[in-house]
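Just so you know, we're using numbering that gives the first Met the number 0 here: the sequence shown kicks off at 0 and counts up by one.
Just so it is clear, CB atoms sit at the ideal spot from N, CA and C, and this is done for glycine as well.
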Amino acid sequence: MRLMALARLLQLCSQALPIGGYSHSQGLEAAIEHAAVRDEVSLLRWIADVLEFSMKSFEIPCLLFMAAAWAGGTRRASRH
């Protein structure tokens with residue numbers, strides 16, 4: 000991969016670089032801007048929804064599959 004292409008890819012996936020940090024917020028900035036999140040109660044509801052509908056159902060299972068593959072020394076995780 001060319002160096003510039005790699006740098007652009009890292010911008011999209013690393014919260015340490017510009018743009019990437021916004022992708023890790025699950026859209027919180029937009030929710031604040033549109034007043035869907037405006038206080039502690041609405042923020043806690045937002046966080047609970049992210050955990051329930053994104054992390055629990057998609058990201059954590061993917062992470063577990065990847066961890067199982069890494070621990071087993073394979074490139075694929077089996078679904079048991």
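Query	Result
Reduced DSSP secondary structure (H/G/I, E/B, other) of residue 34	coil
Helix, strand or coil at residue 1 according to DSSP, with G and I counted as helix	coil
Contact under 8 angstroms by Cβ, residue 45 with residue 29	no
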